[in-house]
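Chains A and H supply the protein sequences, listed in that same order. Quick note, the working numbering runs 118 ahead of the 1-based positions in the first sequence. Quick note, the working numbering runs 205 ahead of the 1-based positions in the second sequence. The beta carbon of each residue, even a glycine, is placed where N, CA and C say it ideally should be. Everything below concerns the one structure shown next.
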Amino acid sequence: MKRLSGTALPIWFWLFVVYLFLPLFVMAAMGFRDSKFIAFPIHDWTTAWYRSVLADEEILSALWISLQAALYSTVIAVAIGLPMSFVVARTRGLLRGLMIAAIVLPAFLPVVVSAIAIRMFLGNLGLETGIAAISFGHAISSVPFVVIMLLTRLNAMSENMADAARNLGADDLIVLFRIVLPFLAPALFGAIMFCLLLSFEDFVRSFFLGGNKPTFPVLLYAKLRFGFDPGLAAISTIVLIASTALGLYAERHIRRRKLGR
Amino acid sequence: MTKPIQMKELSVSQRHPAIELRNLVKRYGNHAAVDDVSLSVEAGVFVTLLGPSGCGKSTLLRSIAGFATPTSGSIVVDGRDITHELAYRRPVSMVFQDYALFPHMTVRQNIAFGCEMQGQAQVAIDERCRQMLALIHLPDVGDRYPAQLSGGQQQRVALARALAPDPVSLLLDEPLGALDLKLRRQMQRELKHIQRQTGKTFVFVTHDQEEAMSMSDRIAVMREGRIEQIGKPKEIYRNPATAFVAGFIGDANMVGARVVEAGSETLLLEVAGLRWPVPAARVTAPAMPAAGASVMIVIRPEDMRVSGRSGEEDLVLTARLKDRTFLGGRVRLDLCAEDGTALIAEARQQVFEQIAEVVELRCASSDVAIVPAASDH
Numbered sequence: 119m120k121r122l123s124g125t126a127l128p129i130w131f132w133l134f135v136v137y138l139f140l141p142l143f144v145m146a147a148m149g150f151r152d153s154k155f156i157a158f159p160i161h162d163w164t165t166a167w168y169r170s171v172l173a174d175e176e177i178l179s180a181l182w183i184s185l186q187a188a189l190y191s192t193v194i195a196v197a198i199g200l201p202m203s204f205v206v207a208r209t210r211g212l213l214r215g216l217m218i219a220a221i222v223l224p225a226f227l228p229v230v231v232s233a234i235a236i237r238m239f240l241g242n243l244g245l246e247t248g249i250a251a252i253s254f255g256h257a258i259s260s261v262p263f264v265v266i267m268l269l270t271r272l273n274a275m276s277e278n279m280a281d282a283a284r285n286l287g288a289d290d291l292i293v294l295f296r297i298v299l300p301f302l303a304p305a306l307f308g309a310i311m312f313c314l315l316l317s318f319e320d321f322v323r324s325f326f327l328g329g330n331k332p333t334f335p336v337l338l339y340a341k342l343r344f345g346f347d348p349g350l351a352a353i354s355t356i357v358l359i360a361s362t363a364l365g366l367y368a369e370r371h372i373r374r375r376k377l378g379r
Numbered sequence: 206m207t208k209p210i211q212m213k214e215l216s217v218s219q220r221h222p223a224i225e226l227r228n229l230v231k232r233y234g235n236h237a238a239v240d241d242v243s244l245s246v247e248a249g250v251f252v253t254l255l256g257p258s259g260c261g262k263s264t265l266l267r268s269i270a271g272f273a274t275p276t277s278g279s280i281v282v283d284g285r286d287i288t289h290e291l292a293y294r295r296p297v298s299m300v301f302q303d304y305a306l307f308p309h310m311t312v313r314q315n316i317a318f319g320c321e322m323q324g325q326a327q328v329a330i331d332e333r334c335r336q337m338l339a340l341i342h343l344p345d346v347g348d349r350y351p352a353q354l355s356g357g358q359q360q361r362v363a364l365a366r367a368l369a370p371d372p373v374s375l376l377l378d379e380p381l382g383a384l385d386l387k388l389r390r391q392m393q394r395e396l397k398h399i400q401r402q403t404g405k406t407f408v409f410v411t412h413d414q415e416e417a418m419s420m421s422d423r424i425a426v427m428r429e430g431r432i433e434q435i436g437k438p439k440e441i442y443r444n445p446a447t448a449f450v451a452g453f454i455g456d457a458n459m460v461g462a463r464v465v466e467a468g469s470e471t472l473l474l475e476v477a478g479l480r481w482p483v484p485a486a487r488v489t490a491p492a493m494p495a496a497g498a499s500v501m502i503v504i505r506p507e508d509m510r511v512s513g514r515s516g517e518e519d520l521v522l523t524a525r526l527k528d529r530t531f532l533g534g535r536v537r538l539d540l541c542a543e544d545g546t547a548l549i550a551e552a553r554q555q556v557f558e559q560i561a562e563v564v565e566l567r568c569a570s571s572d573v574a575i576v577p578a579a580s581d582h
């Protein structure tokens, strides 16, 4: 057992890490291939694919749609989730459990099912498919994450903290803006980052709720149907790097705040 | 090192008690957490609400702060009825058991918060922070965050934050509960010192009777939502009004007795089949018991003599030795009386060497307190 955990387990671990990352590196490398076809080995290298996709109107427009949907859905999700987390935080006992279950359950539904349900629901409300529909759809799926992330932080808040501020002369608004929200800031920041990425990378809901202008993942899928080319690898790599950078920054930011405070 | 802290003029406070509670009741459903409490606290006094958990002392404190709305009765602070005043407009500050410091603010920002809410000028706030940090002997921690301080330091910062807006009274809800024993003792002395230095009225809540005894000018012993007795620590220790108070404050022997004759000068008791006269002045309960009533004789362990001269008027109890504990210079004896009553006594070490298995305990009638046997309301 000891020898197993000494060498075999680490090997197992690193093998899996390679399995996780190798496809990504292959994809990134393909973007530099000076040929229209995906194949190894790469004989001639070029940056032409990377340059061309950054000038591609269709791709830029899809990125812009995705970005808008991400921003709108995040704003909606936070606007809904923040007050919800306050309500749950001050509830005790069985009702609290029920509330959390009611919030979290939708996150476990098959995405396709919930996407269709949302489409039908929004359709009945008279909302056309498009950015608005996508934004609401994404917001609905993001709310559980917002509430859970904020709740974790709220649970760590001393019950007396708001009372202490009130005792020192702060009315409810001041308590909210000077005490509660700043205290929640790290969790709020994390929730916002999570919502943005969740919306940006979503395919299924965007596919069902989108109009004639595709979001970025939907456009990639549409392009894939006409076959791979190194341009797809290039734009995927760019998006991968951008979102990884954002994720790492968010992670670092949250961790630094926790340490400092 | 610390300059005298400037306080509001005392002229107003001299005319009124700092805090006055009139027939205060706080009900949760059918349960009265605070049950008809009236209390008057003079300005500049350190008063402690002492009682077991669930006796209503914290609810009482939270009512004064405005976090609990009284069912009936009124709260007057510095001559002003604040019963229906919102919490953030009340001239009292609270120190919480978990300190409740704002973790996202520096120590200085924490201390400044109350002054800021009062709309004080920045210059005045800065000066006040400096004073407060000096008062708690932590002049250099202003720029740190609470998480970077030790528990004892956080406790002091919480105190400074509460004192900074110059409240009429400071309410302290078991503020030393989270500290270890050594730090606790140190903070007890320091709290008392700061109270004297600032001249503020402190209302301190604790369940630790030793803490209450060592710090307070007045102790209000609470039980089941009521104040059982209020007085100076020594008064309460020597002259407990009820068996509950006697048992809660310090160690006490309780010996059951029956009143045979209730005279104006002397009370004749029947204890363990023998008659024993006690001065009527040693009845520490508010009402004189009638003949035939059951009473408790309260005897402090240090008043139980294991040997030595026997006075004419002494109560003599025969007891069997069960256990002995060395307390340095003295020895604590756990004994069992003939009727099964557990007794404790203290003896000097030399005396202890000669103690037999069965001993005679003596107690002078001037050293006891007579309280009603039934201590229920």
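Candidates H/S374, H/V576, H/E415: which alpha carbon is nearest H/F251's? Among H/S374, H/V576, H/E415, the Cα nearest to that of H/F251 is on H/S374.
Check whether the Cβ atoms of H/E416 and H/Q393 lie closer than 8 Å to each other. Yes, these two residues count as a Cβ contact at 8 Å.
May I have the straight-line CA-CA distance separating H/A451 from H/P445, to the nearest angstrom? The straight-line gap from Cα to Cα measures roughly 5 Å.
H/F407 and H/L377 - do their beta-carbons sit closer together than 8 Å? With a cutoff of 8 Å on beta-carbon distance, H/L377 and H/F407 are scored as near each other.
Starting from the beta carbon of A/S276, find every residue of chain H whose beta carbon is closer than 7 Å, and list them in chain order. Correct list: D303, A305.
For a test of the three-state rule: what should DSSP assign to H/Q302, helix, strand or coil? Here H/Q302 carries a coil assignment [DSSP, helix/strand/coil].
Quick check: is the beta carbon of A/L75 nearer than 8 Å to any beta carbon in chain H? No statement about residue 75 of chain A is possible, as the shown extent of chain A runs from 119 to 379 and does not include it.
Is the number of C-beta pairs between the region 246-255 of chain A and the region 294-313 of chain A that are closer than 8 Å three or more? Note that the region 246-255 of chain A does not touch the region 294-313 of chain A; fewer than 3 beta-carbon pairs, one per stretch, sit closer than 8 Å.
For the region 278-304 of chain H, which residues have a CB atom closer than 7 Å to at least one CB atom of chain A, in sequence order? If the cut-off is 7 Å between Cβ atoms, the region 278-304 of chain H has A292, Y293, S298, M299, F301, D303 near chain A.
Please give the ranges of any beta strand (DSSP E) in the region 436-504 of chain H, keeping only runs that are unbroken, at least 3 residues long and fully inside the region. Runs of the beta strand (DSSP E) inside the region 436-504 of chain H: 458-467, 471-476, 479-484, 499-504.
H/R431 and H/D240 - do their beta-carbons sit closer together than 8 Å? It is a contact, given that the beta carbons lie within the stated cut-off.
Terminal residues of the continuous alpha helix (DSSP H) containing H/P344? Taken as a continuous stretch (DSSP letters only), H/P344 belongs to no alpha helix (DSSP H), as it is neither H nor E.
By Cβ distance, which residues of its chain are closer than 7 Å to A/T333, with the 5 residues on each side in sequence left out? Counting only residues of its own chain and dropping the five nearest sequence neighbours on each side, A/T333 has a CB closer than 7 Å to the CB of A180, I183, S184, A187, I252, S324.
According to a CB-to-CB cut-off of less than 8 Å, which residues of the region 331-349 of chain H neighbour chain A? Within the region 331-349 of chain H, no residue has its Cβ closer than 8 Å to any Cβ of chain A.
A/P335 versus A/I234, A/P348, A/S317, residue with shortest Cα-Cα distance: With distances taken between CA atoms, A/P335 lies nearest to A/S317 out of A/I234, A/P348, A/S317.
Pair within 8 Å by beta-carbon distance, A/D174 and H/Y293: Going by C-beta atoms, A/D174 is not nearer than 8 Å to H/Y293.
Can you tell me whether DSSP reads A/G308 as helix, strand or coil? Three-state DSSP puts A/G308 in a helix.
Taking H/I269 as the reference, give the member of H/G256, H/R285, H/S258 with the closest Cα. If we check each option's Cα against that of H/I269, H/R285 comes out closest.
Enumerated in chain order, which unbroken segments of the beta strand (DSSP E) with a length of 3 residues or greater are wholly contained in the region 188-273 of chain A? If only complete runs of 3 or more residues are kept, the region 188-273 of chain A shows no beta strand (DSSP E) anywhere.
Quick check on A/K331: does DSSP put it in helix, strand or coil? Coil.
With a 10 Å radius around its C-beta and 16 neighbouring C-beta atoms as the bar for buried, classify H/S421 as buried or exposed. Answer is buried; the Cβ neighbour count reaches 16.
Does the CB of H/P308 have a neighbour CB from chain A at under 8 Å? Closer than 8 Å to some Cβ of chain A, the Cβ of H/P308 qualifies, so yes.
Tell me, which residues are paired with A/V357 by DSSP? Partner(s): none; A/V357 has no beta bridge.
The region 250-266 of chain H: positions lying closer than 9 Å to chain A by Cβ: Going along the region 250-266 of chain H in chain order, one finds no residue with a Cβ nearer than 9 Å to chain A.
Look at the alpha carbon of H/R313 and the alpha carbon of A/A207, and state the distance between them as a whole number of angstroms. When rounded, the distance between both Cα atoms is 29 Å.
Within 8 Å (strictly less), CB to CB, does H/A496 reach chain A? So no, H/A496 is outside the interface.
What residues in the region 128-149 of chain A have a beta carbon less than 9 Å from any beta carbon of chain H? Per Cβ criterion, the list is empty.
Please return the same chain residues whose Cβ sits closer than 7 Å to the Cβ of A/M353, not counting the five positions on each side in sequence. Note that residue 353 of chain A corresponds to Ile in the displayed sequence, not to Met. Excluding sequence neighbours, A/I353 sits near V171, I177.
Can a CB atom of chain H be found closer than 8 Å to the CB of A/A288? The Cβ of A/A288 sits closer than 8 Å to at least one Cβ of chain H.
Considering only residues of the same chain and omitting the five flanking positions on each side of H/Q302, which have a CB-CB separation below 8 Å? So the list reads D378, E379, P380, G382, A383, once near-sequence residues are dropped.
Quick check: H/V465 and H/V500, are their CB atoms within less than 8 Å of each other? In terms of Cβ geometry, H/V465 and H/V500 do not form a close pair [threshold 8 Å].
Can you list, in chain order, the residues of its chain whose CB lies under 6 Å from that of A/G329, leaving out five sequence neighbours each side? So the list reads T247, G248, once near-sequence residues are dropped.
Put H/G278 into one of helix, strand or coil per three-state DSSP. Here DSSP, grouped into helix, strand and coil, assigns H/G278 to strand.
At a cut of 8 Å, does the region 286-303 of chain A reach the region 350-364 of chain A through at least three beta carbon pairs? Three or more beta-carbon pairs separated by less than 8 Å are not found between the region 286-303 of chain A and the region 350-364 of chain A, which leaves the two stretches without contact.
Going by DSSP, what residue range makes up the beta strand (DSSP E) through H/Y293? Run containing H/Y293: none; DSSP gives neither H nor E here.
Quick one, which of H/Y304, H/I504, H/A223 has its alpha-carbon nearest H/A448's? Closest by alpha carbon: H/I504.
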